[in-house]
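Undergrad: Everything in the sequence shown is counted per this note's numbering, starting at -6 for the first residue and increasing by one. Virtual Cβ for every residue (Gly too), placed ideally from N, Cα, C. Just so you know, these numbers come straight off a predicted model, no measurement behind them.
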Amino acid sequence: MLFVNTWQLNRNLKPSVIGKVAAELIEKEKLPSKGYETLQWLVCPGGFGVSIIEAESEAIVFDVYSVWANAMPGLFESYNVMPAVEASEAISIAMKD
């Protein structure tokens, strides 16, 4: 299953602190979770970001959110996850009568 994830990081947190937490999670192998693959992970100035994820289930996506949120409470000002399909598949679905 494909998912699009958008977020805004807490503007009151230093980027260096957030980076340290991210590095620790990866080093401790808490990320990525089994059954979860980040296809694209982009971060923009101002703490906005988007990632394209392939995951076996919605529960795994929630698990990854929980890992981040528990590691650094208050990390996110907003966090959104939406299921997605390739554009060609969406067009085929939309054209069905």
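Please check the pair arginine 4 and glycine 42, which I expect to be a contact at CB under 8 Å, by giving their CB distance rounded to whole angstroms.
TA: Your numbering for residue 4 matches position 11 in the sequence shown. Your numbering for residue 42 matches position 49 in the sequence shown. Taking C-beta atoms under 8 Å as the contact rule, arginine 4 and glycine 42 fail to qualify, at a distance of about 13 Å.
Undergrad: May I have the straight-line CA-CA distance separating glutamine 1 from tyrosine 72, to the nearest angstrom?
TA: In the sequence shown, counting from the first residue as 1, residue 1 sits at position 8. In the sequence shown, counting from the first residue as 1, residue 72 sits at position 79. The alpha-carbon atoms of glutamine 1 and tyrosine 72 are separated by roughly 7 Å.
Undergrad: Does DSSP put glycine 28 in a helix, a strand or coil?
TA: Counting from 1 along the sequence shown, the entry for residue 28 is found at position 35. Secondary structure at glycine 28: coil, using DSSP grouped into helix, strand and coil.
Undergrad: Can you tell me whether asparagine -2 is buried or exposed? The criterion is at least 16 other CB atoms within 10 Å of its CB, across all chains shown.
TA: Reading the sequence shown from its first residue, position 5 is the one you call residue -2. Classification of asparagine -2: buried, given that the 10 Å Cβ count is 16 or more.
Undergrad: Can the beta-carbon of glutamate 47 be found less than 8 Å from the beta-carbon of leucine -5?
TA: Position 54 of the sequence shown holds residue 47. Position 2 of the sequence shown holds residue -5. Cβ distance < 8 Å, so glutamate 47 and leucine -5 count as in contact.
Undergrad: Can you check whether the CB of isoleucine 11 is closer than 8 Å to the CB of tyrosine 29?
TA: Taking the sequence shown and counting its residues from 1, one reaches residue 29 at position 36. Taking the sequence shown and counting its residues from 1, one reaches residue 11 at position 18. For tyrosine 29 and isoleucine 11, no; Cβs fall outside 8 Å.
Undergrad: Report buried or exposed for leucine 68, applying the criterion of at least 16 other Cβ atoms within 10 angstroms of its Cβ.
TA: Here residue 68 refers to the residue found at position 75 of the sequence shown. Buried, by the Cβ-count rule.
Undergrad: Quick one: Cα of methionine 88 to Cα of leucine 35, how far?
TA: Working through the sequence shown from its first residue, we reach residue 88 at position 95. Working through the sequence shown from its first residue, we reach residue 35 at position 42. When rounded, the distance between both Cα atoms is 32 Å.
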